[in-house]
Amino acid sequence: LPLTRSVVSEFLFLGLTNSWEIQLLLFVFSSTFYVASMMGNSLIILTVTCDPHLHSPMYFLLANLSLIDLGVSSVTSPKMIYDLFRKHKVISFGGCIAQIFFIHVIGGVEMVLLIAMAFDRYVAICKPLHYLTIMSPRMCVFFIVAAWMIGLTHSMVQLAFVVKLPFCGPNVFYCDFPRFIKLACTDTFRLESMVTANSGFISLGSFFILIVSYIFILITVRKHSSGSSSKALSTLSTHVMVVILFFGPCIFVYIWPHSTSHLDKFLVVFDAVLTPFLNSVIYTLRNKEMKVAMKKVCSQFIIYGRIS
Numbered sequence: 162l163p164l165t166r167s168v169v170s171e172f173l174f175l176g177l178t179n180s181w182e183i184q185l186l187l188f189v190f191s192s193t194f195y196v197a198s199m200m201g202n203s204l205i206i207l208t209v210t211c212d213p214h215l216h217s218p219m220y221f222l223l224a225n226l227s228l229i230d231l232g233v234s235s236v237t238s239p240k241m242i243y244d245l246f247r248k249h250k251v252i253s254f255g256g257c258i259a260q261i262f263f264i265h266v267i268g269g270v271e272m273v274l275l276i277a278m279a280f281d282r283y284v285a286i287c288k289p290l291h292y293l294t295i296m297s298p299r300m301c302v303f304f305i306v307a308a309w310m311i312g313l314t315h316s317m318v319q320l321a322f323v324v325k326l327p328f329c330g331p332n333v334f335y336c337d338f339p340r341f342i343k344l345a346c347t348d349t350f351r352l353e354s355m356v357t358a359n360s361g362f363i364s365l366g367s368f369f370i371l372i373v374s375y376i377f378i379l380i381t382v383r384k385h386s387s388g389s390s391s392k393a394l395s396t397l398s399t400h401v402m403v404v405i406l407f408f409g410p411c412i413f414v415y416i417w418p419h420s421t422s423h424l425d426k427f428l429v430v431f432d433a434v435l436t437p438f439l440n441s442v443i444y445t446l447r448n449k450e451m452k453v454a455m456k457k458v459c460s461q462f463i464i465y466g467r468i469s
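Once you know that position 205 of the sequence shown is 366 in the numbering used here, the rest is easy, because the numbers rise by one and skip nothing.
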């Protein structure tokens, strides 16, 4: 994509705060949760891969979600943490475009994965006898391929319009469409409306579809025995929490693009650092099967380390 029409070659990041004490606190907070997120999601992928008992559609989709969360953490967090104590926080035009591209590819993939996981739970609870037939390996691969195709298309369609704009303003708080477009020298009302329609209403629509789906599943669960109901309710509550964590910031940022800078700062840190960590924690702490499998994998590595 041509990047030659921009007047500026780099952008100056506006810092989270001017207070040294708060910067130190943010550095410790961001670094801790970034490392914890990388370790937690890597452990989920390793556990699902190594444990044969977890070779099922639900855990296959969970491992792919953890892979996406690794990407979420890695796109913006290292740069954000690195810039906390730098006086001149700059990013090149191409670097900013790359961040936007990967943010929306990963966001689109995660959106489809969450819908696939909801469909998986619907089939498992509402049509248990046909579960293995419907959620076949071919169907799982189809979900993953579709997720990446939709993510790539979603990102490239918006980016194709944005990279051709002439940019004048050098200051930006973070690299994403709502704030990035405002730096253009021309009228961007149509582009802002397109971003709101593409990212905002798609996020809002997907969120409501998922919530309605989980309500329908919840009604079906009530017809089952108490034992299976409690397990299904625990799984559903886990999925609903992850859906809210993912779609909440997306809906606010893209439906209300004129939000305050203070709230923007909170959402950037929350989305980049905390959400991927919370996803891994929610899926492990509320899943007994996953916790048992993780203990086995960790013990195997400890034994292997002692032997070697």
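Beta carbons are placed, not taken as given, at the ideal position from N, Cα and C, and that holds for glycine.
Because the structure is a prediction, the values reported are computed rather than measured.
Take Ser316 and list the residues in its own chain whose beta-carbon comes closer than 7 Å to its own, dropping the five residues that flank it on each side. Indexing the sequence shown from 1 puts residue 316 at position 155. Once the five neighbours on either side are set aside, the close Cβ partners of Ser316 are Phe262, His265, Val266, Gly269.
Could you pull the start and end residues of the alpha helix (DSSP H) that Ser217 belongs to? Position 56 of the sequence shown holds residue 217. Taken as a continuous stretch (DSSP letters only), Ser217 belongs to no alpha helix (DSSP H), as it is neither H nor E.
What runs of the beta strand (DSSP E), each 3 residues or longer, lie entirely inside the segment 364–413? none
Starting from the Cα of Phe194, find the closest Cα among Ser441, Ser460, Gln461 and give me that residue. For the purposes of this step, residue 194 is taken as the residue at position 33 of the sequence shown. Looking at the Cα atoms, Ser441 is the closest of the given residues.
Count the C-beta pairs between the segment 240–253 and the segment 209–229 that are closer than 8 Å, then say yes if the count reaches three, no if not. no
Which word fits Asp348, buried or exposed, when buried means at least 16 other C-beta atoms lie within 10 angstroms of its C-beta? Position 187 of the sequence shown holds residue 348. So Asp348 ends up on the exposed side.
On the three-state DSSP scale, how would you describe Ser180? One-based indexing of the sequence shown puts residue 180 at position 19. If DSSP states are grouped into helix, strand and coil, Ser180 belongs with coil.
Assign Met451 to one of three DSSP states: helix, strand, or coil. Against the sequence shown, residue 451 aligns to sequence position 290. DSSP places Met451 in helix when its eight states are reduced to three.
I need the DSSP call for Leu164, collapsed to helix, strand or coil. Counted from its first residue, the sequence shown places residue 164 at position 3. Summary for Leu164: the model assigns pLDDT 46, below 50, so the residue's position carries little reliability; its value from the coordinates is reported in the next sentence. DSSP places Leu164 in coil when its eight states are reduced to three.
May I have the straight-line CA-CA distance separating Leu162 from Cys346, to the nearest angstrom? On the sequence shown, residue 162 is found 1 positions in, with the first residue counted as 1. On the sequence shown, residue 346 is found 185 positions in, with the first residue counted as 1. With a pLDDT of 44 at Leu162, under the threshold of 50, the modelled position of this residue cannot be trusted; read the value that follows with caution. Their backbone Cα atoms lie some 19 Å apart in a straight line.
Does Gln319 pass the burial test, meaning 16 or more other C-beta atoms within 10 Å, or should it be called exposed? In the sequence shown, counting from the first residue as 1, residue 319 sits at position 158. Buried.
For the beta strand (DSSP E) containing Val251, list its first residue and its last residue. To locate residue 251, count along the sequence shown from 1; it is residue 90. Unbroken beta strand (DSSP E) run through Val251: 251–253.
Provide the residue(s) that pair with Ala345 in DSSP beta bridges, ordered along the chain. Here the question's residue 345 lines up with position 184 in the sequence shown. According to DSSP, Ala345 bridges with Phe328.
Need the endpoints of the alpha helix (DSSP H) that Phe431 sits in, please. Here residue 431 refers to the residue found at position 270 of the sequence shown. Here Phe431 belongs to no alpha helix (DSSP H), and DSSP marks it neither H nor E.
Any idea if Met310 is buried or exposed, counting beta-carbon neighbours within 10 angstroms, 16 or more meaning buried? Reading the sequence shown from its first residue, position 149 is the one you call residue 310. Label assigned to Met310: exposed.
Three-state secondary structure (DSSP) of Ser297: Position 136 of the sequence shown, counted from the start, is the residue given in the question as residue 297. The answer is coil: DSSP assigns Ser297 none of H, G, I, E or B.
Roughly how many angstroms lie between the CA atoms of Leu275 and Ser354, to the nearest whole one? Counting from 1 along the sequence shown, the entry for residue 275 is found at position 114. Counting from 1 along the sequence shown, the entry for residue 354 is found at position 193. So the two alpha carbons sit approximately 26 Å from each other.
Beta-carbon within less than 7 Å of Ile305's beta-carbon, same chain only, minus the 5 sequence neighbours each way: which residues are those? Counted from its first residue, the sequence shown places residue 305 at position 144. Result list for Ile305: Asn225, in chain order.
Compute the beta-carbon to beta-carbon distance between Val233 and Gln260, rounded to the nearest angstrom, for a pair I have assumed lies under 8 Å. Taking the first residue of the sequence shown as position 1, residue 233 is located at position 72. Taking the first residue of the sequence shown as position 1, residue 260 is located at position 99. Contact flag wrong, Cβ pair sits at about 12 Å.
Nearest neighbour of Lys248, chosen from Asp432, Val434, Phe221, Gln184 [CA to CA]: The residue you call residue 248 lines up with position 87 of the sequence shown. The candidate whose alpha carbon is nearest that of Lys248 is Gln184.
Is the distance from the Cβ of Ala323 to the Cβ of Phe338 below 9 Å? For the purposes of this step, residue 323 is taken as residue 162 along the sequence shown, with counting starting at 1. For the purposes of this step, residue 338 is taken as residue 177 along the sequence shown, with counting starting at 1. Looking at the sequence shown, residue 323 is not Ala but Val. A contact, by the Cβ cut-off of 9 Å.
Report the rounded CA-to-CA distance for Tyr220 versus Pro289, giving the unit in angstroms. The residue you call residue 220 lines up with position 59 of the sequence shown. The residue you call residue 289 lines up with position 128 of the sequence shown. Cα-Cα distance, rounded: 16 Å.
Closest by C-alpha distance to Thr399, when choosing among Pro327, Met278, Cys411: For the purposes of this step, residue 399 is taken as residue 238 along the sequence shown, with counting starting at 1. Looking at the Cα atoms, Met278 is the closest of the given residues.
From Pro218 to Ile205, what does the alpha carbon distance come to, in whole angstroms? For this step, residue 218 is matched to residue 57 along the sequence shown. For this step, residue 205 is matched to residue 44 along the sequence shown. Rounded to whole angstroms, Pro218 to Ile205 spans 15 Å at the Cα level.
Taking just the CA atoms, how far does Leu231 sit from Val430? Working through the sequence shown from its first residue, we reach residue 430 at position 269. Working through the sequence shown from its first residue, we reach residue 231 at position 70. So the two alpha carbons sit approximately 15 Å from each other.
Where does Ser167 land, buried or exposed, given buried means 16+ other C-beta within 10 angstroms? Taking the first residue of the sequence shown as position 1, residue 167 is located at position 6. In this prediction, Ser167 has a pLDDT of 49, which is less than 50 and means its spatial position is unreliable; what the coordinates show is noted afterwards. Label assigned to Ser167: buried.
Taking just the CA atoms, how far does Val209 sit from Thr165? Position 4 of the sequence shown, counted from the start, is the residue given in the question as residue 165. Position 48 of the sequence shown, counted from the start, is the residue given in the question as residue 209. Confidence is the limiting factor: at Thr165 the pLDDT is only 46, short of 50, which leaves the residue's position unreliable, though a coordinate-based value still follows. Roughly 45 Å separates the two Cα atoms.
Collapsed DSSP secondary structure at Arg247 in the structure displayed: The residue labelled residue 247 in the question sits at position 86 within the sequence shown. Three-state DSSP puts Arg247 in coil, outside helix and strand.
Closest Cα partner of Leu428 within the set Asn359, Leu293, Ser238, Ser297: For the purposes of this step, residue 428 is identified with residue 267 of the sequence shown, where counting begins at 1. When each option's Cα is compared against that of Leu428, the closest is Ser238.
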